[in-house]
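Q: In this note's numbering, the protein residues as written are 25 to 984. Mind having a look at this structure? Questions to follow.
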């Protein structure tokens with residue numbers, strides 16, 4: 025209401041609102057009663073006086089009154105406020121300008137405390153018209169004293185300097201750009217001032233030219249004394265006197281770049297240009313130029329080179345010539361002038377084309393004209409007439425000549441008389457023609473042999489790779505398979521769980537088959553070859569083949585009489601035939617005929633020459649032929665590669681033929697595939713003839729899975745595999761010792777511990793190999809049995825693709841039943857009854873387990889109790905010491921890090937109670953400092969398994 029009344033009254037109601045400015049009217053009309061200032065009529069005189077003074081000032085001013093900084097400003101400030109005006113009138117300054125709220129809070133705090141602030145070209149980002157903009161301002165803040173003599177507000181003097189700051193910045197950038205251009209100019213630049221030619225400015229190129237001397241501020245005579253006697257001072261004086269520039273080209277100058285050093289010779293292109301003032305007086309000289317020493321030296325070298333060329337050309341024993349861009353002869357050396365019978369004076373007018381044999385003119389014209397047109401080299405053989413009228417066959421070779429600026433100047437060439445050489449070549453051509461036929465034939469044969477060798481090397485490389493992959497894969501399968509078999513006993517009776525375990529084991533079986541196929545291709549599977557009659561083996565597989573391929577395929581078997589024997593693994597041979605039969609069946613989707621043929625074959629020297637992997641000799645051939653669609657010729661070289669398949673996606677692994685290929689190669693044989701689109705495929709296996717009598721192959725019967733109580737030392741570097749094997753053998757009743765490598769295993773054997781069977785992985789790290797471990801074990805303990813296991817034998821116990829004599833091998837992955845059978849089979853050969861070396865039944869062992877981790881304590885207790893031991897649990901050292909006082913355990917297993925004391929401290933206090941107490945330290949570290957002073961101790965590192973705990977317990981209790 026007050027604002028309205030004031031508006032009606034006009035500015036006359038408030039004399040301090042002098043003048044007719046916009047802001048005087050707005051202040052008079054504003055409803056101040058809604059602000060902290062209250063109605064205008066109640067304003068203190070100090071506020072009125074300040075507002076009146078501000079309205080009369082052309083300088084942009086704003087008054088921030090009170091603790092909240094209520095804004096009152098004049099017309100000049102309204103322009104600075106931009107789009108924020110007039111909304112900010114009467115508002116609090118921190119709300120008016122939120123983007124600089126902290127800045128304004130500080131202004132109010134300082135001003136109301138009686139302080140002043142002043143800023144010049146203060147950079148701010150303000151939102152004056154809806155978008156942020158960067159501005160620069162001169163700001164001065166002073167306190168306004170109220171009627172009581174205290175600061176009641178802050179008056180701000182605001183002058184926007186944005187345009188000036190931006191203009192100065194742009195000007196500075198321009199100066200900086202000019203300075204950089206001057207400094208970085210590729211040519212040297214200097215500005216000389218005054219009659220004594222004092223250096224005012226020099227750029228980097230000039231400093232590099234003269235040797236980085238301190239030149240600025242010095243006359244030329246003083247800065248570069250070595251040029252005083254070279255005429256340059258006189259040139260500068262003349263330019264200053266005549267006011268005319270001087271341009272120098274390739275001017276020689278001697279510069280002493282280093283004090284006391286010899287002057288260096290440089291050649292310069294430069295200009296001395298007078299710099300005049302507004303009154304046309306010469307104030308200085310602008311120096312600009314380029315160091316052209318390299319160009320000048322090049323020109324001198326070129327002239328010298330041309331002179332040397334002329335001397336060489338004249339004395340050369342070849343015919344040299346030069347022509348201009350129009351093809352006219354401009355130079356002939358002495359030999360060529362003598363050949364044509366012309367003098368030096370006659371050369372410019374000599375028409376050399378007239379000496380070309382008429383029959384050769386067209387042969388010369390085309391390459392010569394193209395070379396002249398396109399400026400390219402040319403070479404041609406034509407007959408030229410010599411001065412005596414005899415035509416000679418000349419080889420003319422020429423290169424284009426170009427000037428310094430790249431312009432075509434003509435051709436330079438050499439003529440060589442090849443008459444006698446061509447006659448000799450023609451005489452030899454007949455001989456060459458005859459030899460070429462022989463060479464072509466030999467080259468074709470060799471090329472074919474090299475292709476075959478490259479393919480063999482490729483297959484060998486892939487074989488090594490797949491063999492290595494299979495080794496790691498088998499280790500993984502062994503861990504999963506062993507644990508699944510152990511799990512099957514735990515879930516017995518749970519039908520759903522049993523089905524899942526069975527399904528997982530079936531997958532393990534498929535994985536094992538895949539790994540074995542990879543090993544077969546890589547020729548790394550251990551074979552057990554027998555002398556077999558392939559015809560008898562094929563006839564014995566008739567029913568199996570028919571069941572496998574179905575009734576839609578007709579099977580025709582042809583076995584030749586008088587069939588030779590061969591040495592091969594019968595099981596792998598059956599697998600190979602089954603794979604070929606299945607591939608043939610899949611190739612004949614709608615049915616067809618499968619022909620299996622067995623016969624004797626002789627591969628002669630010619631065949632062996634075309635196939636580097638074949639030795640000429642007698643073979644037994646097994647051929648499988650189908651009537652399918654056949655294989656495209658470009659794919660035949662790939663069919664034996666692993667994972668390559670011509671079947672649709674998801675219809676095969678691509679390992680069938682790879683397995684057959686590896687088996688045949690490992691057996692010393694040869695495999696050949698013939699196929700034609702639309703006419704089927706034939707795969708022929710050639711296995712070397714063996715002159716021995718056929719072995720009698722006895723089918724292996726099903727045996728009952730049994731265990732025993734013998735002691736088995738398991739040497740396996742893979743922790744997971746080792747843990748699984750220990751669990752399976754422990755379930756079978758065996759007493760287990762473990763080692764993580766061959767050296768550790770030998771240490772166990774040499775310790776005198778009773779060991780009936782060494783069960784060792786073939787491939788383990790360390791200098792001691794498994795085969796050497798087995799040999800040394802036999803030397804120290806002749807009665808010990810040895811069983812190898814591996815997913816990849818790596819030629820350690822398999823040579824020539826065959827298992828070494830007397831060696832037992834259990835291939836990974838294996839089942840619990842296969843492990844049990846093989847262990848009993850190997851132990852059975854020693855002639856010892858089951859459990860001969862097993863220790864007699866002993867009293868149940870009492871173990872004191874001190875472990876603060878509840879989960880570790882629970883799992884360890886379960887392992888120990890499952891091994892038939894009594895376990896006393898404790899979670900701290902104090903609990904363990906109390907148990908020793910009352911229970912007298914046989915052995916202490918202590919964690920190294922306990923909440924109330926260390927494992928070493930616990931051991932020392934425990935020995936004060938039981939001086940002979942065996943102690944096992946459990947730790948996550950590789951060693952336990954302090955144990956070296958304690959006897960009858962052992963260390964097991966976490967995570968540990970029952971095998972390692974059992975071994976340490978047996979070792980310590982065996983010391984009693």
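Even glycine gets a Cβ: it sits at the ideal position worked out from N, Cα and C. If you're wondering where the values come from, they're calculated on a predicted model, not measured in any experiment.
(1) Taking the straight line between their C-alpha atoms, what separation do you get for residue 225 and residue 232?
(2) Quick check on the DSSP output: the beta strand (DSSP E) that includes residue 273 runs from which residue to which?
(3) Per DSSP, what kind of secondary structure is residue 777 in: helix, strand or coil?
(4) Could you please give the first and the last residue of the uninterrupted beta strand (DSSP E) stretch that includes residue 713?
(5) Exposed or buried, residue 130, counting other C-beta atoms within 10 Å across all chains shown (16 or more means buried)?
(6) Going by alpha carbons, who is nearest to residue 763 out of 622, 412, 752 and 742?
(7) Exposed or buried, which one is residue 603 when buried takes at least 16 other CB atoms within 10 Å?
(8) How is residue 215 classed by DSSP in three states: helix, strand or coil?
(9) Among 552, 612, 596 and 588, which residue has its Cα nearest to the Cα of residue 579?
(10) Put residue 433 into one of helix, strand or coil per three-state DSSP.
(11) Tell me, please, which residues DSSP counts as bridged to residue 603.
(12) With 16 other CB atoms within 10 Å as the buried threshold, where does residue 368 fall?
(13) Indicate the three-state DSSP secondary structure (helix, strand or coil) for residue 464 in the structure shown.
(14) Near residue 583, which residues of its chain fall below 7 Å by C-beta distance, leaving aside the five closest residues on each side in sequence?
(15) Between the Cα of residue 736 and those of 654, 757, 960 and 709, spot the shortest distance and give me the residue it belongs to.
(16) Indicate the three-state DSSP secondary structure (helix, strand or coil) for residue 223 in the structure shown.
(17) So which of 811, 852, 840 and 96 has the shortest CA-CA distance to residue 834?
(18) Should residue 734 and residue 782 be called a contact, given that it needs their Cβ atoms to be closer than 8 Å?
(19) Which same chain residues end up closer than 7 Å to residue 82 when comparing Cβ atoms and leaving out the 5 residues on each side of it in sequence?
(20) Using the C-alpha atoms, what's the distance from residue 433 back to residue 413?
(21) Using CA coordinates, which residue listed in 364, 916, 382 and 146 is at the minimum distance from residue 376?
(22) When the Cα atoms are used, what is the spatial distance from residue 917 to residue 930?
(23) Go ahead and label residue 269 buried or exposed: buried means 16 or more other beta carbons lie within 10 angstroms of its beta carbon, across all protein chains shown.
(24) If we require 4 or more residues per run, which alpha helix (DSSP H) segments fall completely within the region 562–650?
(25) Quick check: residue 525 and residue 515, are their CB atoms within less than 8 Å of each other?
(26) Return the CA-CA distance between residue 402 and residue 356, expressed in angstroms with no decimal places.
(27) Any chance the CB of residue 595 is under 7 Å from a heavy atom of the ligand MN?
(28) Report the CB separation of residue 922 from residue 901 in whole angstroms; it is logged as a contact under 8 Å.
(29) Thinking C-alpha only, which one of 407, 844 and 685 is nearest residue 750?
(30) Do three or more CB pairs link the region 229–243 to the region 325–342 at distances below 8 Å?
(31) Would you identify the three-state DSSP class for residue 664, choosing helix, strand or coil?
(32) Less than 8 Å separating the beta-carbons of residue 695 and residue 684?
(33) Cα-Cα, which of 307, 195 and 280 is closest to residue 219?
(34) Is residue 84 buried or exposed, if buried means 16 or more other CB atoms sit within 10 Å of its CB?
(35) Take residue 897 as the anchor and find which of 192, 871, 230 and 681 has the nearest alpha-carbon.
(36) For the alpha helix (DSSP H) that residue 188 lies in, which residues bound it at each end?
A: Inspection of the coordinates gives the following:
(1) 14 Å
(2) 270–279
(3) coil
(4) 705–714
(5) exposed
(6) 742
(7) buried
(8) strand
(9) 612
(10) strand
(11) Bridge partners of residue 603: none, in fact.
(12) exposed
(13) helix
(14) 559, 562, 563 and 622
(15) 757
(16) strand
(17) 811
(18) no
(19) 100
(20) 32 Å
(21) 364
(22) 11 Å
(23) exposed
(24) 566–573, 594–611 and 629–634
(25) yes
(26) 18 Å
(27) Summarising the ligand content, the structure contains no ligands, and the ligand MN is consequently not present.
(28) 5 Å
(29) 844
(30) no
(31) coil
(32) yes
(33) 307
(34) buried
(35) 871
(36) 186–208
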